Structure formats: structure tokens, C-alpha cells
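Chains A and B, in that order, give the protein sequences. Quick note: the first sequence, position 89, residue 89 per the working numbering, numbers continuous. Quick note: the second sequence, position 58, residue 1058 per the working numbering, numbers continuous. From the three backbone atoms N, C-alpha and C, an ideal C-beta is built for every residue, glycine too. Quick caveat, the model's predicted, so the values are computed rather than measured. Have a look at the structure below, then the notes.
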Amino acid sequence: MTVDGPVRVLSPFLFLGAKSVRPQPEQPTAHVGVAGSVMDLSDSEDDLYNERTALVAAEKPAVPSYKPGSDCSPPDGSPTKPTRASGRAREGASDQEAEAEEEELTLKYGAKHVIMLFIPVTLCMLVVVATIKSVSFYTEKTNQQLIYTPFTEDTPSVGRRLLNSVLNTIIMISVIVVMTIFLVVLYKYRCYKFIHGWLILSSLMLLFWFSVMYLGEVFKTYNLAVDYLTVAMVIWNFGAVGMVCIHWKGPLQLQQAYLILISALMALVFIKYLPEWSAWVILAAISVYDLVAVLSPKGPLRMLVETAQERNEPIFPALIYSSAMMWGVAMASPVDAHSSETDEEADQMVEGAEPQGGRQGAEEEQEEDRGVKLGLGDFIFYSVLVGKAAATGGDWNTTIACFIAILIGLCLTLLLLAIFKKALPALPISITFGLIFYFSTGFVVQPFMDRLAAHQFYI
Amino acid sequence: MNLERLPNEEKLILCRKYYLGGFAFLPFLWLVNVVWFFREAFVKPAYTEQLQIKAYVKWSAVGLLFWVAVLTTWITIFQHFRAQWGEVGDSLSFTIPLGTP
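Okay, structure coming up:
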């Protein structure tokens, strides 16, 4: 019995994701991020693929930024001018100081956030690459394809193949666009129950069905005999605790681990079922779509984020990875605040900024999660890129090059986030770099190095 | 979710829910309960609800050990005797290894 068949049929998975990098709004349940990938088990084989990656920046410290001299009143008369000028200069200087401090703070936040996101992204990619390299199931040639990529790539001529992959991409992207718009419409009209049911079905499918498949393939690879009872217990525990952690309350690290795991599972399914060339074209197209959807004023994802911020509520439960950092829990416990004050200067400045932020309207409990949020769709597509590179790209050079490219892209995206402080798409830069590195390493660097090694020529 | 921020009553409620949930054949939930609430129950200075939380953590640990014992026994038995059981062994197996046992 192969499990491919049912997967192919059920693979109309609903993927909801909004790609945006956005400043974290002050919300009571801020850490329970929203937006991610949703999988749907609809019988109508309706593939819903929206993905959303929301990268949420840390809260801006409540230090107003002055433009030196902008708030100074024009001098009344010449006698008072010198004193006024010097006063203005001093004010200007201190304003500049405040601004410089704030910039420094922002960049220090940014630096920590980069590290905080490197780790989960790296872990997800590691899981995917490790699976690809060891479990042959995910790289086996299969004639089955998702119904969203109906055109086959098994054609003799290059032109035909290219055409087919472009057509596949068009179909896939239009499905995604339709689904995103559908999601935004649902959200606008407050059909929360529907959305929640959708999300729960999707995570159920991911946590149970795909993990059974995965476990089965791993056991087959390592030639182990496992009985149904053990598998049932393991999957039941894994899935049930996953549902509890992701959709209800659970320890943060466990929730993060589960989100990483389901992203990896999803990425593996993509790697298996997307035909070669279509996968690359889809990756490129989806970065463009991400850019458009998040940044353009009428973009669905932007509207989603804005609506959520207007209503002051988290976007969707459990579909954003949140790396919540506890910045000196100043109000919750004095001990913690004190110990974090002895930390480096940045934390001290954070301590100073935080009570201000707190007084400005957020309640005490909401100050904690000044983390960055990245939507699960981002994880998935990064891992798809690296996984495809590992599966088809020759050897480790290509894989590692793509990995580095994605991390660099992520760095740059976070830098932009620190500068712009609004929702930004996390895919375009990373995927662009990843694609460039993949093709150049695969076609230029690799043969070059092979030739050098063959001729024992060391540079 | 950060336990630090919750008031004590809510911690107790959460701990209890995790404890009760574990009875649905979910030793993993008990494990999470033990690890997550360990500091609350045993390291933190005493507060009113801590006694009950301690009790829940202890009983979760007991249940966890029970399940670990049961599963280890079953897995050992299965791995050892699977080949000898012939057809019954095969029908119980999720994956059957290739090659001779």
C-alpha cells in the first residue's frame, strides 16, 4: 500500500500565509502569532494555498525622534538670536543624541533578532536537508503530481518543458492569489469560526497524516520493524501535544519546535511533489507575489495585516513563529528587572525605554513579547529551496551556498525591518539570493572546482 | 507562553488541565507538565497554590514512569519475538524490514 495516492488526493492543502515583516503590535496575546500555513482536507480537492510570512519587528522604544531644530520656534529678534541659537544648538545636540540612541537601540534589537531567527530557520533547513539526504523517498521520481501542477515535465523538448513549468506556476500562483483573497475576505467579514476550523483541520493533517508518512519512510530507510501500537502511541502523542501547544497554551520552546517541525514536513511534501523546473519557477514567482501582496496598497496581505492591527488582534493563531524575547520583565518581577540591568548597556537602555512604553497604554502583561515574528510560509519556502538544492544540486557546495544565501537575505530583510518598522515580505530577498547562488554554484562554481581538483590545481 | 506572567491561580488551572489531559493516553503531555512546572513546583519559594501544583507534577511523573515502563516492555517483547510470531507479527507491524531476521 502506498501512501502516495491519498496524499496526492488530499494534497489540496490549504496554505494560508501572509508574508509580511511587521512591527509587533501591542497585544495581549502577542506571542501567539498568527498566520502561517494551513492545510485543508476539503473533499472538493480545493487547494488553498496562501502563505504568509510575517516578520514582526520588535516594538519601537518609546523615544520620540526629533529632527534637530524642527520644533524650535523662529527667533523673535536679533538680540535674542545668539542665546536662542546656542540653546537651539544644545537642544539640537541632545535631540541628535536621543535620535542616535534610538537608532542604536533599534540596530541592537535588530542584531539580536537576526540571531533569534537564524536558529529556527537553520534548524528547519537542517531537518529538511537531513531527511532529503537520508530518506530516499522524498527524492524518488514520482509520476504523481499535485493537481495544482497538472502539466508534466516529462517531455522531450526543452521548450515544451519550460512552457509546462511556466503554466504550472501560473496555475499555482493563481490558486494562491485566490485563496489569499478568500482569506482576507473571510477575515474582513469576521468569519472567524470558519478560519479557525480551517486552521485546525490543516494543522491536524500536518501533525497526524504527514508525520505518519514521514515516520513510516524513516523506518523503512533504517529497516526497522515497528508495530502499529507503538506508532499509534507516538503519533497520537506527537499530534495531540502539538495541537495543544500550537493552538492553545504550551511552553514557548515546545511551540517553536512544533512549528519548525510542521514547516519542515510541509517543505518535504513540496519537494517531493513539485516537478523540478516548476519548483524553481514557482519559487521565483512566489517571491514576486510576496513583494506585491505585502507592499502594494491594495495587496491582500497588506490589507490583512492592517485590518488585524486596526482591530488590535493577532492575525491568526499558530501560524507565525514567534521568537519572543523577554526584555527585562520590569513590572512582573523586580528581581528579574534588577538582574537584567546589570547586563550590557543595551539592556539598560531597554529597561529605560520599557517602562515608558508601558505607561503609554499597553498593559503590563503585554510588554513581554518583544520578539520577532516570521510566518511559517517563509520557513517552508526557504526549506524548499535548500531542500531542492540538496536533492538535485549535485553536492554539498550548492546546498551550503543556498543556505548562506538565505541567511544573508534574512539578515538584510531584518535590517530593512529595523529601518522601516512595518510589515515587510521576507521572501523576495532571500529567495533571489538563493536562486542566484543555486544556479551559479551548480553551473559555474561546481564544474570549476571539479576541474581544479581533477588537475590537482590549488588556488 | 511565559509562566512568569500568569497569576498563580491560572498556573494551577493550567497544571491541572495538563494533568487531566494526560489520562487520554498522553504520557507526552505528562512529560511536558513535569518539565514545565518543575521550577514552579519545587524551586520557587512557596505560595498558596504551590502545594497542589507539586501534587500534580508528582502524579504526572508517576504516570509518565508507568507509561515508559509499559511501552518499553511492549517494545522489547515485540522486537524480540516478532519474527517468531509469524503471521501475527506481520499483521502487527507497521513497517516490515527487508532481509532475513
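Indicate the three-state DSSP secondary structure (helix, strand or coil) for A322 (chain A) in the structure shown.
Position 322 of the first sequence, counted from the first residue, corresponds to residue 322 (chain A). Per the sequence shown, the amino acid found at residue 322 (chain A) is Ser instead of Ala. Residue state, collapsed to three classes: strand.
Whole-Å CB distance - V1057 (chain B) paired with F1038 (chain B), under 8 Å assumed:
Within the second sequence, the letter at position 57 stands for residue 1057 (chain B). Within the second sequence, the letter at position 38 stands for residue 1038 (chain B). Right, the Cβ-Cβ distance comes to about 6 Å (below 8 Å), so this counts as a contact.
Taking Cβ-Cβ distances shorter than 8 Å, what residues in chain A pair up with Q1079 (chain B)?
The residue labelled residue 1079 (chain B) in the question sits at position 79 within the second sequence. Here the neighbours are A225.
Buried or exposed: which applies to L1020 (chain B), given that a residue is buried once 16 or more other Cβ atoms fall within 10 Å of its Cβ?
For the purposes of this step, residue 1020 (chain B) is taken as residue 20 along the second sequence, with counting starting at 1. Under this definition L1020 (chain B) is an exposed residue.
Near G242 (chain A), which residues of its chain fall below 7 Å by C-beta distance, leaving aside the five closest residues on each side in sequence?
Along the first sequence, read from residue 1 onward, the residue named residue 242 (chain A) stands at position 242. L207, Y258, listed in sequence order.
Answer yes or no: does any C-beta atom of chain B fall closer than 9 Å to that of S440 (chain A)?
Indexing the first sequence from 1 puts residue 440 (chain A) at position 440. With respect to chain B, the C-beta atom of S440 (chain A) has no partner C-beta closer than 9 Å.
What residue range does the alpha helix (DSSP H) around G393 (chain A) cover?
Working through the first sequence from its first residue, we reach residue 393 (chain A) at position 393. Per DSSP, G393 (chain A) belongs to no alpha helix (DSSP H) and is neither H nor E.
Indicate whether at least one CB of chain A lies closer than 9 Å to the CB of A1041 (chain B).
For the purposes of this step, residue 1041 (chain B) is identified with residue 41 of the second sequence, where counting begins at 1. The beta-carbon of A1041 (chain B) is placed no less than 9 Å from the nearest beta-carbon of chain A.
Length of the line joining the Cα atoms of M213 (chain A) and F1066 (chain B):
For the purposes of this step, residue 213 (chain A) is identified with residue 213 of the first sequence, where counting begins at 1. For the purposes of this step, residue 1066 (chain B) is identified with residue 66 of the second sequence, where counting begins at 1. Using only the alpha carbons, I get a separation of about 28 Å.
Residue closest to I260 (chain A), alpha-carbon to alpha-carbon, out of A:D154, A:D95, A:S203
For the purposes of this step, residue 260 (chain A) is identified with residue 260 of the first sequence, where counting begins at 1. I260 (chain A) has its Cα closest to that of A:S203, out of A:D154, A:D95, A:S203.
Answer yes or no: do L416 (chain A) and V121 (chain A) have a C-beta to C-beta separation smaller than 9 Å?
Along the first sequence, one-based indexing puts residue 416 (chain A) at 416. Along the first sequence, one-based indexing puts residue 121 (chain A) at 121. Not a contact, by the Cβ cut-off of 9 Å.
Which of the three DSSP states is assigned to K421 (chain A) in this structure?
Walking along the first sequence from the start, residue 421 (chain A) turns up at place 421. It is coil, neither helix nor strand.
Presumed contact (8 Å Cβ cut-off) between L414 (chain A) and H196 (chain A), rounded CB distance
Here residue 414 (chain A) is taken as the residue at index 414 of the first sequence, counted from 1. Here residue 196 (chain A) is taken as the residue at index 196 of the first sequence, counted from 1. Rounded to the nearest angstrom, the Cβ distance from L414 (chain A) to H196 (chain A) is 30 Å, too far for a contact under 8 Å.
Report the residues of the segment 214 to 238 of chain A with a CB closer than 8 Å to any CB of chain B, ordered along the chain.
G216, F219, K220, N223, L224, A225, V226, D227, Y228, L229, T230, V231, M233, W236, N237, F238
Does the beta-carbon of F509 (chain A) have 16 or more other beta-carbons within 10 angstroms, so that it is buried, or is it exposed?
It is not possible to answer for residue 509 (chain A), since the shown part of chain A is limited to 1 through 459.
Taking 8 Å as the cut-off, is the CB of T1095 (chain B) close to at least one heavy atom of the ligand SAM?
With respect to the ligand SAM, the structure shown offers nothing to examine, as it has no ligands at all.
Chain B contact for P251 (chain A) (CB, 9 Å cutoff):
Here the question's residue 251 (chain A) lines up with position 251 in the first sequence. Answer yes: the Cβ-Cβ gap between P251 (chain A) and chain B drops below 9 Å somewhere.
Closer than 9 Å, CB to CB, is I1096 (chain B) near chain A or not?
For the purposes of this step, residue 1096 (chain B) is taken as the residue at position 96 of the second sequence. Nearest CB-CB separation between I1096 (chain B) and chain A: below the 9 Å threshold.
Does D46 (chain A) have its Cβ less than 9 Å from a Cβ in chain B?
Within the first sequence, residue 46 (chain A) is the residue found at index 46, counting from 1. Only weak support is given to the placement of D46 (chain A): the predicted model assigns it a pLDDT of 35, under 50, and the value that follows is read from those uncertain coordinates. Output row for D46 (chain A): interface = no.
Check each candidate in A:I400, A:D395, A:V372 and name the one with the smallest Cα separation from S383 (chain A).
Translated into the one-based positions of the first sequence, residue 383 (chain A) becomes position 383. Answer by Cα proximity: A:I400.
So with Cβ pairs under 9 Å, would you call A1024 (chain B) a contact of chain A?
Here residue 1024 (chain B) is taken as the residue at index 24 of the second sequence, counted from 1. A1024 (chain B) has a beta carbon lying within less than 9 Å of a beta carbon in chain A.
Count the C-beta pairs between the segment 122 to 134 of chain A and the segment 150 to 166 of chain A that are closer than 8 Å, then say yes if the count reaches three, no if not.
With the cut-off at 8 Å, the segment 122 to 134 of chain A and the segment 150 to 166 of chain A do not touch.
DSSP three-state label for G1022 (chain B), please.
On the second sequence, residue 1022 (chain B) is found 22 positions in, with the first residue counted as 1. Coil, per DSSP.
8 Å Cβ shell around D1090 (chain B) - same chain, five flanking residues per side excluded:
Along the second sequence, read from residue 1 onward, the residue named residue 1090 (chain B) stands at position 90. Around D1090 (chain B): I1096.
Give the C-beta separation of L435 (chain A) and W280 (chain A) to the nearest angstrom, bearing in mind that I take them to be a contact with Cβ-Cβ under 8 Å.
Within the first sequence, residue 435 (chain A) is the residue found at index 435, counting from 1. Within the first sequence, residue 280 (chain A) is the residue found at index 280, counting from 1. Right, their Cβ atoms sit about 7 Å apart.
Looking at the C-beta of L1092 (chain B), does it have a partner C-beta in chain A at a distance below 9 Å?
By one-based count along the second sequence, residue 1092 (chain B) stands at place 92. Output row for L1092 (chain B): interface = yes.
For P150 (chain A) and V1035 (chain B), what's the separation of their Cα atoms in angstroms?
Translated into the one-based positions of the first sequence, residue 150 (chain A) becomes position 150. Translated into the one-based positions of the second sequence, residue 1035 (chain B) becomes position 35. Cα to Cα, the separation comes out at about 48 Å.
8 Å Cβ shell around S70 (chain A) - same chain, five flanking residues per side excluded
As a first step, residue 70 (chain A) must be located in the first sequence, where it is residue number 70. At S70 (chain A), the pLDDT of 37 sits below 50, so the modelled position is not reliable and the matter cannot be decided from this model.
Counting only beta-carbon separations shorter than 9 Å, does I1075 (chain B) have a partner in chain A?
As a position in the second sequence, residue 1075 (chain B) is number 75, starting the count at 1. Closer than 9 Å: yes.
V185 (chain A): buried (16+ other C-beta within 10 angstroms of its C-beta) or exposed?
As a first step, residue 185 (chain A) is located in the first sequence; it is residue number 185 there, counting from the start. Flag for V185 (chain A) reads exposed.
Evaluate F479 (chain A) with the Cβ neighbour count: other Cβ atoms within 10 Å of its Cβ, from every protein chain shown; 16 or more gives buried, anything less gives exposed.
Limits of chain A in this structure are 1 at one end and 459 at the other, which puts residue 479 (chain A) out of reach.
Go ahead and label D43 (chain A) buried or exposed: buried means 16 or more other beta carbons lie within 10 angstroms of its beta carbon, across all protein chains shown.
For the purposes of this step, residue 43 (chain A) is taken as the residue at position 43 of the first sequence. Any answer about D43 (chain A) is weak, because its pLDDT of 33 lies below 50 and its placement is not dependable; what the coordinates show is given next. Answer is exposed; the Cβ neighbour count stays below 16.
Near I200 (chain A), which residues of its chain fall below 7 Å by C-beta distance, leaving aside the five closest residues on each side in sequence?
The count along the first sequence starts at 1 and reaches residue 200 (chain A) at position 200. Excluding sequence neighbours, I200 (chain A) sits near H247.
Proximal residues of chain B, C-beta to C-beta of L206 (chain A) below 9 Å
Within the first sequence, residue 206 (chain A) is the residue found at index 206, counting from 1. Ordered by position in chain B, no residue passes the 9 Å Cβ test against L206 (chain A), which lies about 17 Å from the chain.
Would you call the segment 425 to 433 of chain A and the segment 289 to 301 of chain A in contact, with 3 or more CB pairs under 8 Å?
yes
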